[in-house]
């Protein structure tokens with residue numbers, strides 16, 4: 001089981017209270033598709049992804065970005081058992097969506113970059129450490145059902 | 148994955164704008180790396196104080212960023228231009244090249260935090276590619 005200090009729980013909760021899902025979700029997913037273009041392979045049915053402007057203004061991508069970001073809520077609400085919280089989502093990403101689990105890490109990195117942009121100096125190194133740890137636990141949980 | 152002419156233009160323009168704050172960028176990036184990825188502390192066991200913003204961290208952050216700005220100038224031939232730095236990292240410092248990625252990520256986080264308006268997705272991809280190329284050039288002499 002992952003151990004969380006009180007300081008880590010506080011930091012992670014703080015980040016989530018400051019999170020504007022409707023804006024951070026779309027921007028994080030868009031940045032992932034722009035910065036790591038091979039991730040576009042999973043979005044063949046999402047319309048125009050031809051360039052950065054197209055991706056940033058794509059409503060299907062925006063909607064999906066919000067969905068994905070809300071997927072983190074279940075980890076936030078089950079911090080003491082994130083591993084099992086994502087069993088079904090892990091199976092979905094493995095068996096149905098066939099997503100290379102390395103992509104979870106890429107999206108997580110983009111999320112950290114976007115949050116840094118929103119929070120500025122409030123996003124202290126300690127806060128980044130706690131949030132990065134949280135995301136790495138989620139990423140690991142999402143990869144667990146792959147075989 | 149190589150740097151296009153557009154990438155180089157974006158990287159030069161962006162660092163031209165923000166290069167003046169090299170000391171702060173370097174300090175913040177290095178501080179974050181040490182805090183967020185504690186395994187990197189192993190390279191700094193000779194420092195008195197590893198806390199964010201310490202004199203050692205500030206000084207070294209500037210050293211690293213100065214090297215990066217030098218790389219911007221040599222963007223058309225990173226491998227050739229950074230040969231001396233590569234030898235330093237390969238034979239003297241012997242930094243595991245995996246850490247270049249780690250520090251690069253922290254630099255991106257700092258740039259996003261300090262320059263939210265300028266660090267657009269297009270700048271983000273160009274700088275990420277550039278940092279990857281710099282890391283590759285620094286690894287050139289490793290084996």
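Chains as they are written, first to last, in the numbering used here: chain A, 1 to 147; chain V, 148 to 290. Backbone N, C-alpha and C define an ideal beta-carbon position, used for all residues, glycine too. Bear in mind that the values here come from a model prediction, so they are computed numbers and not experimental data.
Bounding residues of the alpha helix (DSSP H) (the contiguous stretch that carries residue i)
i, result
"residue 246/V", "245 to 261"
"residue 152/V", "152 to 165"
"residue 21/A", "21 to 35"
"residue 269/V", "268 to 285"
"residue 214/V", "202 to 220"
"residue 8/A", "6 to 17"
"residue 226/V", "225 to 228"
Three-state class that DSSP yields for residue i in the structure shown
i, result
"residue 100/A", "coil"
"residue 58/A", "coil"
"residue 91/A", "helix"
"residue 148/V", "coil"
"residue 167/A", "With chain A covering 1 to 147 only, the question about residue 167/A has no answer from this structure."
"residue 42/A", "helix"
"residue 133/A", "helix"
"residue 330/V", "Any answer about residue 330/V is impossible in this case: the structure gives chain V only from 148 up to 290."
"residue 71/A", "coil"
"residue 169/V", "helix"
"residue 178/V", "helix"
"residue 84/A", "helix"
"residue 145/A", "coil"
"residue 264/V", "coil"
"residue 234/V", "helix"
"residue 241/V", "coil"
"residue 126/A", "helix"
"residue 105/A", "helix"
"residue 118/A", "helix"
"residue 79/A", "helix"
"residue 198/V", "coil"
"residue 2/A", "coil"
Taking contact to mean 3 or more Cβ pairs, one atom from each stretch, closer than 8 Å, check whether the segment 30 to 44 of chain A and the segment 106 to 119 of chain A are in contact. yes
Counting pairs of Cβ atoms below 8 Å between the segment 230 to 237 of chain V and the segment 100 to 110 of chain A, do you hit three or more? no
Three or more beta-carbon pairs under 8 Å between the segment 199 to 215 of chain V and the segment 172 to 183 of chain V, yes or no? yes
Would you check if the segment 116 to 126 of chain A and the segment 255 to 265 of chain V touch, i.e. whether three or more CB-CB distances between them fall below 8 Å? yes
Whether or not the segment 271 to 288 of chain V and the segment 152 to 167 of chain V are in contact is what I'm after, with contact meaning three or more pairs of Cβ atoms, one per stretch, closer than 8 Å; do they touch? yes
Does the segment 12 to 27 of chain A come within contact of the segment 125 to 142 of chain A, defined as at least 3 CB pairs closer than 8 Å? yes
On the three-pair Cβ rule with 8 Å, is the segment 263 to 272 of chain V touching the segment 156 to 165 of chain V? yes
Three CB pairs or more closer than 8 Å across the segment 59 to 68 of chain A and the segment 17 to 26 of chain A: yes
Whether or not the segment 260 to 270 of chain V and the segment 188 to 198 of chain V are in contact is what I'm after, with contact meaning three or more pairs of Cβ atoms, one per stretch, closer than 8 Å; do they touch? no
Measuring CB atoms only, is the segment 36 to 54 of chain A touching the segment 84 to 92 of chain A, in the sense that at least three cross pairs come out at less than 8 Å? no
Counting beta carbon pairs with one atom in the segment 161 to 175 of chain V and one in the segment 208 to 217 of chain V, are three or more of them shorter than 8 Å? yes
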